[in-house]
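Written below as structure tokens is the structure these notes are about.
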């Protein structure tokens, strides 16, 4: 019994000694953040200066090493607050301007009425290219607007589940229709660039209001007047910017860093809003805004009087080449 007691005392003393020796090691393992250990002062200074805080990762995606990026807060604020305002002003403002223009100016009529004969304006391949690009653009525009306005306008109408399903399909459509849209842009540029170089005749067109602002005034124009040339370059330049920025969004690993990717998302969004507003004006003039204009991309043939009033120089060039009117095309005269 005395031997067992002595052994117990020895064990207790050994445990006490082990605890004392292990205490410094435990203290080293415990987490005690200090400026020297984790360099909080550097972190705080980096946040104040707007620098991103990065760590180290072993996966291929190097951008995932970014822990904190203060610029990301500005980017998020832009998309949530500023972009809807920009889009609302551009799109709603254009819609209001067109409505006022229609009420004040009215529909642009053919001054001499329909001639009953037509002249070929756009061949089948040209119309196919136009409608390929236009149809893709409409779906791209609607699916893109869903990102900025869907939560506030569509979600309350269809509910969370319906909105999620619609948004998923919109995302797929937006991703894949971008490619035929870009193809259409390239073809349009190649087949119409020769007719869209600005010239002196375009200045006169602007001086006379393009035959749009003032009634019964139709300045001379070639195949494309100055307004149509403006739309062409808006489509080509705007479409090119949308394509380049959209390419980085489709393949987000291409940019060198997150900041570059954020820059292209802002470019893509702002150009999209302005692009949509400009195309609203184009659609208006080509449909309800001008009598006889839709036939150009509908059947490809336009009334001869319409062509002479809006593109007199082009008609002269075509007739000089030997293109005769296509024949009689009966039309109902509008009731005035």
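In my numbering, the protein residues as written are 636 to 971.
Note that CB positions come from ideal geometry on N, CA and C, so glycine has one too.
- For residue 894, the enclosing alpha helix (DSSP H) begins and ends at 893-919.
- By alpha-carbon distance to residue 937, the top candidate from 756, 733, 719 and 743 is 756.
- For residue 820, the closest alpha carbon among the candidates 846, 873 and 709 is that of 873.
- For the pair residue 861 and residue 918, the Cα-to-Cα distance works out to about 16 Å.
- The DSSP-derived three-state label of residue 937 is strand.
- The three-state reading of DSSP puts residue 889 in coil, since its state is none of H, G, I, E or B.
- Put simply, the region 804-812 touches the region 773-780. At least three CB pairs are less than 8 Å apart.
- Taking the C-beta atoms as reference points, residue 909 is found nearer than 7 Å to residue 725.
- In the three-state DSSP reduction, residue 754 falls in the strand class (E or B).
- Within the region 716-789, the alpha helix (DSSP H) runs of at least 4 residues that lie entirely inside it are, in chain order, 718-740 and 759-788.
- In this structure, residue 840 places its C-beta atom within 7 Å of the C-beta atom of residue 856.
- By the CB criterion at 7 Å, residue 927 and residue 941 fall inside the cutoff.
- Counting along the chain, no alpha helix (DSSP H) covers residue 830, and no H or E run does either.
- DSSP places residue 843 in no alpha helix (DSSP H); its state is neither H nor E.
- Short of 8 Å from the beta carbon of residue 875, and not among the five residues preceding or following it, lie these beta carbons of its own chain, in chain order: 820.
- A Cβ-Cβ distance of about 12 Å is found for the pair residue 737 and residue 915, leaving them out of contact under the 8 Å criterion.
- Its chain contains 903, 906, 907 and 910 as the residues whose beta carbon lies nearer than 7 Å to that of residue 877, once the 5 sequence neighbours on both sides are disregarded; these appear in chain order.
- Taking the C-beta atoms as reference points, residue 790 is found nearer than 7 Å to residue 798.
- The residue among 954, 939, 952 and 945 with its C-alpha nearest the C-alpha of residue 750 is 939.
- Beta-bridge partners of residue 925 (DSSP): 743.
- Listed in chain order, the non-local C-beta contacts of residue 817 below 7 Å within the same chain comprise 878, local neighbours out to five positions each way being set aside.
- Straight across, the Cα-Cα distance linking residue 845 with residue 897 is about 40 Å.
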